[in-house]
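In my numbering, the protein residues as written are 1 to 64. Even glycine gets a Cβ: it sits at the ideal position worked out from N, Cα and C. Predicted, not measured: the structure shown is a model, and the values here were computed from it.
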Ligand SMILES: [Zn+2]
């Protein structure tokens with residue numbers, strides 16, 4: 001796990017502080033039911049790989 005406190009945000013084009021986006025599981029369950037289970041892999045992915053959110057623009061920071 002990376003211990004640095006800042007990440008490069010492609011949108012802000014600079015190093016920014018970030019927070020982890022908490023997965024709202026009841027919402028994910030709802031989407032999974034609506035999509036007949038198609039959303040399940042994405043839900044699992046969100047649960048196992050928490051998304052880092054930029055503090056400045058609130059966009060997910062995708063690491064390359
Ligand atoms: Zn940003």
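- A check of alpha carbon separations from residue 57 across 8, 41, 12 identifies 12 as the nearest.
- For residue 20, the enclosing beta strand (DSSP E) has its first and last residue at 14-20.
- Taking a 10 Å sphere around the C-beta of residue 62, we find fewer than 16 other C-beta atoms and assign the residue as exposed.
- Counted as a single uninterrupted DSSP element, the alpha helix (DSSP H) harbouring residue 27 occupies residues 25-34.
- Under DSSP, residue 60 forms a beta bridge with 53.
- A distance criterion of 8 angstroms places the beta-carbon of residue 61 in contact range of ligand 1, judged by its closest non-hydrogen atom.
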